[in-house]
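Novice: Take a look at the following structure, please.
In my numbering, the protein residues as written are 4 to 502.
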């Protein structure tokens with residue numbers, strides 16, 4: 004079981020966590036009371052007291068709203084409560100919560116929030132079954148126009164808790180208070196931008212229910228991969244820390260390979276060699292110091308380099324060129340049994356025949372493989388998935404299963420997925436990383452961790468996190484060359500992050 008603080012729950016898994024807790028004898032009404040209290044306390048702690056419109060829906064999310072309204076009124080807030088649908092249609096815990104609300108219940112209208120200085124949005128929860136339209140859509144548009152701050156219960160109404168996609172219309176919250184664990188939709192774009200500040204409240208669900216639920220989706224942060232992160236041993240030497248190989252492109256396209264090689268070296272690989280075609284030998288030699296050079300000519304030459312089994316990890320793609328030569332080099336690398344990272348041109352070279360790549364990855368001799376596409380490269384290898392309209396999480400998972408490789412699908416909400424169904428969402432990738440060569444360094448960091456024996460899913464997740472931290476540590480003005488140089492400071496601080 005992974006560290007439980009890393010867990011993300013789908014809407015179905017969260018419903019199961021509720022049900023398991025209730026089955027153990029903790030009534031749903033108590034969970035609802037705790038949820039409403041968490042919302043009221045978050046509001047009171049963050050906003051100046053003023054007229055608040057509490058917008059309640061017909062289900063349990065609305066029940067949480069009734070509790071929050073009652074507790075805010077007890078604290079002296081002027082509360083007006085609006086309900087979507089008829090009060091007599093409320094059921095179970097939500098009906099009980101409504102019965103304890105002493106004030107009037109007004110019908111939800113498009114102008115419900117017009118006189119409020121704050122909106123508490125408890126209309127729809129994360130498991131929204133259909134698109135938002137009609138009066139709720141009008142109300143959402145009106146609130147957006149007015150600029151009144153919104154505090155959302157569970158998720159901003161209209162947001163799909165699993166995909167992070169708005170359905171029809173969705174509130175943009177200043178604060179979202181959710182319960183027990185975050186959901187994927189809180190972290191995937193555009194959901195992350197709609198949630199504002201995220202607060203996860205404990206409402207009395209015991210964390211051991213996670214053992215029964217066995218979730219497969221995680222936040223990418225150090226506790227997720229701490230157990231397998233390489234720690235240099237006092238009796239180790241450079242060969243125990245692995246020998247990483249980066250394949251360089253021809254003379255005009257060598258910078259990407261050198262960026263990746265430096266990333267691998269800074270990530271802790273004991274040795275790094277750039278395998279270079281003869282045309283690029285001199286330009287690479289002029290730029291490299293701690294990184295070694297091995298000239299090779301074609302796939303047979305690469306095979307020869309990899310006959311030395313101490314060379315246990317290889318990256319190919321950055322600056323490699325698109326075409327038959329790169330395809331042959333990739334297939335030769337996969338036959339070596341080394342851990343392989345495929346990026347950029349190595350992926351695009353198989354755009355016409357992705358099946359050939361997947362068959363080779365699943366081949367008898369292949370070692371662990373990590374693919375690191377951005378959305379454009381992903382669409383070339385997985386055109387049907389790219390056009391499916393599914394969430395990034397679903398697409399990355401399906402692609403990992405189809406390819407038989409760990410998928411690191413890049414972007415501001417990078418997703419890492421393994422063929423066994425595990426997936427992690429990156430939450431620390433800042434906008435400064437959108438610079439030429441940044442992805443090459445990321446590929447190199449993955450390579451460096453694989454060379455040190457880290458399993459592929461954990462290596463990809465750790466690399467993406469380290470890359471994000473390195474970008475944030477440098478800040479504005481970052482260029483790709485800065486990223487490897489920020490890694491020592493990030494790695495020095497890492498033990499304090501392991502939780």
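Just so you know, even glycine gets a beta-carbon here, dropped at the ideal spot from N, CA and C.
Let me know if residue 164 comes out buried or exposed under the rule of 16 or more other beta-carbons within 10 Å of its beta-carbon.
Specialist: Locating residue 164 in the chain shown gives position 161, counting from the first residue. It is buried - the Cβ of residue 164 has at least 16 other Cβ atoms within 10 Å.
Novice: Grab the span of the alpha helix (DSSP H) containing residue 482 for me, first residue to last.
Specialist: In the chain shown, residue 482 corresponds to position 479, counting from 1. Where residue 482 is concerned, there is no enclosing alpha helix (DSSP H), given that its DSSP letter is neither H nor E.
Novice: Within a Cβ cutoff of 7 angstroms, which residues of the same chain sit near residue 298, ignoring the five residues on either side of it in sequence?
Specialist: Locating residue 298 in the chain shown gives position 295, where the first residue counts as 1. Closer than 7 angstroms at Cβ, skipping near neighbours: 279, 281, 284.
Novice: Do you know offhand how far residue 4's Cα is from residue 220's?
Specialist: Looking up residue 4 in the chain shown gives position 1. Looking up residue 220 in the chain shown gives position 217. Only weak support is given to the placement of residue 4: the predicted model assigns it a pLDDT of 45, under 50, and the value that follows is read from those uncertain coordinates. Approximately 12 angstroms between the Cα atoms of the pair.
Novice: Could you give the DSSP three-state label for residue 438: helix, strand or coil?
Specialist: As a first step, residue 438 must be located in the chain shown, where it is residue number 435. If DSSP states are grouped into helix, strand and coil, residue 438 belongs with coil.
Novice: Mapping the DSSP letters down to three states, classify residue 377 as helix, strand or coil.
Specialist: Within the chain shown, the letter at position 374 stands for residue 377. Three-state DSSP puts residue 377 in coil, outside helix and strand.
Novice: Can you give the Cα-Cα distance for residue 105 and residue 138, rounded to whole angstroms?
Specialist: Taking the chain shown and counting its residues from 1, the one referred to as residue 105 is at position 102. Taking the chain shown and counting its residues from 1, the one referred to as residue 138 is at position 135. Computed Cα separation, rounded: 25 angstroms.
Novice: Under 7 angstroms, do residue 420 and residue 223 count as touching if we go by C-beta distance?
Specialist: In the chain shown, the residue the question calls residue 420 occupies position 417. In the chain shown, the residue the question calls residue 223 occupies position 220. Not in contact: residue 420 and residue 223 (Cβ atoms no closer than 7 angstroms).
Novice: According to DSSP, simplified to helix, strand and coil, what is residue 391?
Specialist: Residue numbering aside, residue 391 sits at position 388 when the chain shown is read from its first letter. DSSP places residue 391 in coil when its eight states are reduced to three.
Novice: For residue 237, which of helix, strand or coil comes out of DSSP?
Specialist: Reading the chain shown from its first residue, position 234 is the one you call residue 237. In the structure shown, residue 237 sits in coil (DSSP, three-state: anything other than H, G, I, E or B).
Novice: Please confirm whether residue 201 and residue 416 have their CB atoms less than 7 angstroms apart.
Specialist: On the chain shown, position 198 is the one that residue 201 refers to. On the chain shown, position 413 is the one that residue 416 refers to. Not in contact: residue 201 and residue 416 (Cβ atoms no closer than 7 angstroms).
Novice: Relative to the C-alpha of residue 255, which candidate in 402, 286, 267 has its C-alpha closest?
Specialist: Residue numbering aside, residue 255 sits at position 252 when the chain shown is read from its first letter. For residue 255, the nearest C-alpha among the options comes from 286.
Novice: Considering only the alpha carbon of each residue, which of 291, 458, 270, 83 lies closest to residue 495?
Specialist: On the chain shown, position 492 is the one that residue 495 refers to. Just measuring C-alpha positions, the residue of 291, 458, 270, 83 sitting nearest residue 495 is 270.
Novice: On the three-state DSSP scale, how would you describe residue 37?
Specialist: By one-based count along the chain shown, residue 37 stands at place 34. It is helical.
Novice: Secondary structure at residue 316, three-state DSSP: helix, strand or coil?
Specialist: Locating residue 316 in the chain shown gives position 313, where the first residue counts as 1. DSSP places residue 316 in strand when its eight states are reduced to three.
Novice: Tell me, please, whether the region 358 to 378 touches the region 325 to 345 by the rule of three or more beta-carbon pairs shorter than 8 angstroms.
Specialist: Taking a contact to require three or more Cβ pairs closer than 8 angstroms, the region 358 to 378 and the region 325 to 345 qualify as touching.
Novice: Under a Cβ-count criterion, where at least 16 other Cβ atoms within 10 Å of its own Cβ denotes burial, should residue 36 be classed as buried or exposed?
Specialist: In the chain shown, counting from the first residue as 1, residue 36 sits at position 33. So residue 36 ends up on the buried side.
Novice: Please state the DSSP three-state secondary structure of residue 166.
Specialist: For the purposes of this step, residue 166 is identified with residue 163 of the chain shown, where counting begins at 1. Three-state DSSP puts residue 166 in coil, outside helix and strand.
Novice: So, helix, strand or coil for residue 7, using DSSP?
Specialist: Numbered from its first residue, the chain shown carries residue 7 at position 4. Residue 7: helix per DSSP, three-state reduction.
Novice: At the level of alpha carbons, what is the spacing between residue 378 and residue 384?
Specialist: Stepping through the chain shown from its first residue, residue 378 is reached at position 375. Stepping through the chain shown from its first residue, residue 384 is reached at position 381. Answer to the nearest angstrom: the Cα atoms are 10 angstroms apart.
Novice: So, under 8 angstroms CB-CB, residue 190 and residue 430 are touching, yes? Tell me the CB distance rounded to an integer number of Å.
Specialist: Taking the first residue of the chain shown as 1, we reach residue 190 at position 187. Taking the first residue of the chain shown as 1, we reach residue 430 at position 427. Contact holds; Cβ gap of about 6 angstroms.
Novice: Once you ignore the five residues that flank residue 541 on each side, which residues in its own chain have a CB closer than 6 angstroms to its CB?
Specialist: The first residue shown for the chain is 4 and the last is 502, placing residue 541 beyond what the model contains.
Novice: Please report the straight-line C-alpha distance between residue 272 and residue 434, rounded to a whole angstrom.
Specialist: Here the question's residue 272 lines up with position 269 in the chain shown. Here the question's residue 434 lines up with position 431 in the chain shown. Cα-Cα distance, rounded: 27 angstroms.
Novice: When the Cα atoms are used, what is the spatial distance from residue 141 to residue 89?
Specialist: As a first step, residue 141 is located in the chain shown; it is residue number 138 there, counting from the start. As a first step, residue 89 is located in the chain shown; it is residue number 86 there, counting from the start. Rounded to whole angstroms, residue 141 to residue 89 spans 19 angstroms at the Cα level.
Novice: Please list the segments of the alpha helix (DSSP H) lying wholly inside the region 334 to 361, counting only runs of 4 or more residues, in order along the chain.
Specialist: 348 to 351
Novice: By DSSP's criteria, residue 200 is part of a beta bridge. Which residues make up the other side?
Specialist: Here residue 200 corresponds to residue number 197 of the chain shown, with the count starting at 1. Note: residue 200 sits in a beta bridge opposite 178.
Novice: Using only alpha-carbon positions, find the residue among 389, 406, 491 that is nearest to residue 374.
Specialist: On the chain shown, residue 374 is found 371 positions in, with the first residue counted as 1. Distance from the Cα of residue 374 is smallest, within the candidate group 389, 406, 491, for 406.
Novice: Flag this pair as touching only if the region 440 to 460 and the region 340 to 355 have three or more C-beta atom pairs under 8 angstroms; answer yes or no.
Specialist: yes
Novice: Of the choices 103, 21, 497, 262, whose alpha-carbon is the least far from that of residue 293?
Specialist: Mapped onto the chain shown, residue 293 falls at position 290. If we check each option's Cα against that of residue 293, 262 comes out closest.
Novice: Candidates 450, 475, 122, 502: which alpha carbon is nearest residue 409's?
Specialist: The residue you call residue 409 lines up with position 406 of the chain shown. If we check each option's Cα against that of residue 409, 450 comes out closest.
Novice: Just checking, does the region 116 to 126 make contact with the region 40 to 54 on the three C-beta pairs under 8 angstroms criterion?
Specialist: yes
Novice: Mind reading off the beta-carbon distance from residue 71 to residue 39? Whole number of angstroms is fine, and I expect it under 8 angstroms.
Specialist: By 1-based counting over the chain shown, the position of residue 71 is 68. By 1-based counting over the chain shown, the position of residue 39 is 36. Indeed, because the Cβ distance is near 4 angstroms, the residues count as touching under 8 angstroms.
Novice: Measuring CA to CA, which of 171, 143, 62, 424 is closest to residue 32?
Specialist: By one-based count along the chain shown, residue 32 stands at place 29. If we check each option's Cα against that of residue 32, 62 comes out closest.
Novice: With a cut-off of 8 angstroms, do at least 3 Cβ pairs link the region 71 to 85 to the region 100 to 115?
Specialist: Touching, per the Cβ criterion.
Novice: Using C-beta distances below 6 angstroms, list every residue in its chain close to residue 382, excluding the 5 sequence neighbours before and after it, in chain order.
Specialist: Residue 382 sits at position 379 when you count from the first residue of the chain shown. Cβ contact annotation for residue 382 (same chain, cutoff 6 angstroms, sequence separation greater than five): 389, in chain order.
Novice: Helix, strand or coil for residue 21? Go by DSSP, reduced to three states.
Specialist: Taking the first residue of the chain shown as 1, we reach residue 21 at position 18. Three-state result, residue 21: helix.
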